[in-house]
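Chemist:
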Amino acid sequence: MRPLSDEETEIVFKKLAHYIGSHDRVYYCTETLMRKAACVSREPLLSFGTCLGKFTKTKKFRMHITALDYIAPYAKHDEDDFFFFGYWNKCKIWVKPSAEQQFLYGNNILKSGMNRMTEGVGSHQGVVVYNMNDLPLGFGVTAKV
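In the UniProt record's numbering, the protein residues as written are 1 to 145.
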(Lines of atoms letter the chains of each structure in order from A; the text may use other names.)
(Lines give C-alpha, C1' and ligand atoms only; values in the text may rest on other atoms or scores of the structure.)
Protein backbone atom coordinates (compact mmCIF):
# COMPACT_ATOMS: atom_id res chain seq x y z
CA MET A 1 0.00 0.00 0.00
CA ARG A 2 1.26 3.47 -0.85
CA PRO A 3 0.10 7.02 -0.22
CA LEU A 4 -1.79 8.72 -3.04
CA SER A 5 -0.07 11.32 -5.15
CA ASP A 6 -1.50 14.84 -5.30
CA GLU A 7 -3.05 14.17 -8.69
CA GLU A 8 -4.66 10.91 -7.52
CA THR A 9 -5.95 12.57 -4.36
CA GLU A 10 -7.54 15.35 -6.40
CA ILE A 11 -9.27 12.79 -8.65
CA VAL A 12 -10.62 10.87 -5.63
CA PHE A 13 -12.00 14.00 -3.97
CA LYS A 14 -13.60 15.23 -7.20
CA LYS A 15 -15.37 11.88 -7.51
CA LEU A 16 -16.49 12.05 -3.87
CA ALA A 17 -17.77 15.61 -4.32
CA HIS A 18 -19.75 14.45 -7.35
CA TYR A 19 -21.55 11.82 -5.27
CA ILE A 20 -21.92 13.90 -2.12
CA GLY A 21 -23.34 16.94 -3.91
CA SER A 22 -23.69 20.43 -2.53
CA HIS A 23 -23.45 21.12 1.17
CA ASP A 24 -27.11 21.25 2.14
CA ARG A 25 -26.77 19.78 5.62
CA VAL A 26 -27.90 21.69 8.71
CA TYR A 27 -25.79 21.44 11.86
CA TYR A 28 -26.50 22.52 15.42
CA CYS A 29 -23.71 23.57 17.73
CA THR A 30 -23.14 25.75 20.74
CA GLU A 31 -21.99 29.31 20.28
CA THR A 32 -18.67 28.60 21.98
CA LEU A 33 -17.97 25.74 19.56
CA MET A 34 -18.88 27.99 16.65
CA ARG A 35 -16.44 30.65 17.85
CA LYS A 36 -13.68 28.05 18.18
CA ALA A 37 -14.37 26.72 14.68
CA ALA A 38 -14.28 30.23 13.20
CA CYS A 39 -10.48 30.24 13.29
CA VAL A 40 -10.38 27.23 10.93
CA SER A 41 -10.80 28.01 7.25
CA ARG A 42 -13.77 26.54 5.39
CA GLU A 43 -11.78 24.30 3.04
CA PRO A 44 -10.34 21.82 5.59
CA LEU A 45 -13.42 21.97 7.84
CA LEU A 46 -15.77 19.10 6.99
CA SER A 47 -18.35 19.45 9.74
CA PHE A 48 -18.81 20.30 13.38
CA GLY A 49 -21.74 20.05 15.74
CA THR A 50 -24.73 17.72 15.45
CA CYS A 51 -26.32 17.11 12.07
CA LEU A 52 -30.05 17.91 12.28
CA GLY A 53 -30.87 17.04 8.68
CA LYS A 54 -30.42 18.10 5.10
CA PHE A 55 -32.26 19.83 2.29
CA THR A 56 -33.12 17.65 -0.72
CA LYS A 57 -32.84 18.73 -4.34
CA THR A 58 -36.51 19.76 -4.23
CA LYS A 59 -35.73 21.93 -1.16
CA LYS A 60 -37.59 19.74 1.33
CA PHE A 61 -35.97 19.22 4.72
CA ARG A 62 -35.27 15.64 5.84
CA MET A 63 -34.48 14.98 9.49
CA HIS A 64 -31.59 12.72 10.45
CA ILE A 65 -31.71 10.36 13.39
CA THR A 66 -28.92 12.39 15.03
CA ALA A 67 -31.50 15.15 15.64
CA LEU A 68 -33.56 12.87 17.90
CA ASP A 69 -31.89 14.08 21.10
CA TYR A 70 -32.93 17.65 20.30
CA ILE A 71 -36.47 16.81 19.10
CA ALA A 72 -37.55 14.34 21.80
CA PRO A 73 -37.79 16.77 24.76
CA TYR A 74 -40.23 18.96 22.82
CA ALA A 75 -42.67 16.15 21.96
CA LYS A 76 -45.09 17.05 24.72
CA HIS A 77 -48.47 15.53 25.23
CA ASP A 78 -50.15 18.65 26.56
CA GLU A 79 -51.57 21.59 24.64
CA ASP A 80 -48.21 23.08 23.61
CA ASP A 81 -47.78 22.69 19.86
CA PHE A 82 -44.56 22.85 17.92
CA PHE A 83 -43.68 22.59 14.26
CA PHE A 84 -42.21 19.23 13.19
CA PHE A 85 -42.06 17.50 9.80
CA GLY A 86 -44.14 20.30 8.28
CA TYR A 87 -47.09 19.56 10.57
CA TRP A 88 -48.17 20.82 13.97
CA ASN A 89 -47.19 18.13 16.40
CA LYS A 90 -47.83 17.26 20.00
CA CYS A 91 -47.64 13.50 19.71
CA LYS A 92 -45.75 10.65 21.29
CA ILE A 93 -46.19 6.96 20.57
CA TRP A 94 -45.03 4.26 22.98
CA VAL A 95 -44.35 0.84 21.46
CA LYS A 96 -44.42 -2.57 23.07
CA PRO A 97 -41.13 -4.43 23.53
CA SER A 98 -42.10 -6.93 20.83
CA ALA A 99 -42.54 -4.13 18.25
CA GLU A 100 -39.52 -2.15 19.42
CA GLN A 101 -37.00 -4.40 17.66
CA GLN A 102 -39.04 -4.40 14.44
CA PHE A 103 -39.13 -0.58 14.44
CA LEU A 104 -35.38 -0.36 15.00
CA TYR A 105 -34.83 -2.61 11.97
CA GLY A 106 -36.87 -0.24 9.80
CA ASN A 107 -40.29 -1.88 9.74
CA ASN A 108 -43.58 -0.09 10.32
CA ILE A 109 -45.33 -0.20 13.68
CA LEU A 110 -48.62 -2.06 13.53
CA LYS A 111 -51.57 -1.17 15.72
CA SER A 112 -50.95 -4.33 17.77
CA GLY A 113 -47.40 -3.09 18.50
CA MET A 114 -48.47 0.24 19.99
CA ASN A 115 -48.92 0.40 23.73
CA ARG A 116 -50.32 3.93 24.00
CA MET A 117 -50.53 7.13 22.01
CA THR A 118 -51.16 10.78 22.75
CA GLU A 119 -54.78 11.83 22.30
CA GLY A 120 -55.80 13.84 19.26
CA VAL A 121 -53.34 12.37 16.77
CA GLY A 122 -54.33 13.00 13.17
CA SER A 123 -53.39 11.24 9.96
CA HIS A 124 -50.01 12.08 8.41
CA GLN A 125 -48.79 13.77 11.59
CA GLY A 126 -45.18 13.70 12.73
CA VAL A 127 -44.61 11.70 15.91
CA VAL A 128 -41.74 10.74 18.18
CA VAL A 129 -41.56 7.01 18.96
CA TYR A 130 -40.64 5.90 22.49
CA ASN A 131 -40.16 2.51 24.11
CA MET A 132 -41.87 1.63 27.40
CA ASN A 133 -39.00 3.14 29.43
CA ASP A 134 -39.52 6.59 27.81
CA LEU A 135 -36.36 6.24 25.74
CA PRO A 136 -36.76 7.92 22.32
CA LEU A 137 -36.24 5.42 19.49
CA GLY A 138 -36.97 7.51 16.43
CA PHE A 139 -39.56 9.59 14.65
CA GLY A 140 -42.02 9.06 11.86
CA VAL A 141 -45.39 9.92 10.38
CA THR A 142 -48.74 8.34 11.24
CA ALA A 143 -50.74 6.69 8.47
CA LYS A 144 -54.32 6.28 9.69
CA VAL A 145 -55.73 6.72 13.14
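Using N, Cα and C, we set each Cβ at its ideal position, and we do this for glycine too.
So, at 8 angstroms on beta carbons, what are the nonlocal neighbours of residue 47 in its own chain, with the 5 sequence-adjacent residues on each side left out?
Modeler: Cβ within range, chain order: 25, 27.
Chemist: Scan the region 31-85 and note each continuous alpha helix (DSSP H) run of 4 residues or more that stays entirely inside, going in chain order.
Modeler: Taking only runs of at least 4 residues, the alpha helix (DSSP H) segments lying wholly in the region 31-85 are 31-37, 68-71.
Chemist: Grouping DSSP H, G and I as helix and E and B as strand, with all else coil, what is residue 136?
Modeler: Looking at residue 136 - three-state DSSP - the assignment turns out to be strand.
Chemist: Which residues in the same chain as residue 98 place their Cβ atom closer than 7 angstroms to its Cβ, once the five residues preceding and following it in sequence are excluded?
Modeler: Here the set comprises 113.
Chemist: Across the region 51-69 and the region 26-40, are there enough close Cβ pairs to call them in contact, namely three or more that are closer than 8 angstroms?
Modeler: Yes, they touch.
Chemist: So, are the CB atoms of residue 143 and residue 108 less than 9 angstroms apart?
Modeler: Yes. Within cutoff.
Chemist: Would you decide whether residue 110 is buried or exposed? Buried here means 16 or more other CB atoms lie within 10 Å of its CB.
Modeler: Result: exposed.
Chemist: Can residue 75 and residue 127 be called in contact, C-beta distance under 9 angstroms?
Modeler: Yes, they are a contact pair.
Chemist: Between which two residues does the alpha helix (DSSP H) carrying residue 99 extend?
Modeler: From DSSP, the alpha helix (DSSP H) with residue 99 extends over 97-104.
Chemist: Just to confirm my understanding: we take residue 100, look at its own chain, exclude 5 residues before and 5 after, and list those with CB closer than 6 angstroms. What are they?
Modeler: The answer, listed in chain order, is 131.
Chemist: With DSSP as the reference, identify every bridge partner of residue 92, one or two as the case may be.
Modeler: Bridge partners of residue 92: 128.
Chemist: If I follow the unbroken beta strand (DSSP E) through residue 115, where does it start and stop?
Modeler: Its beta strand (DSSP E) spans residues 114-117.
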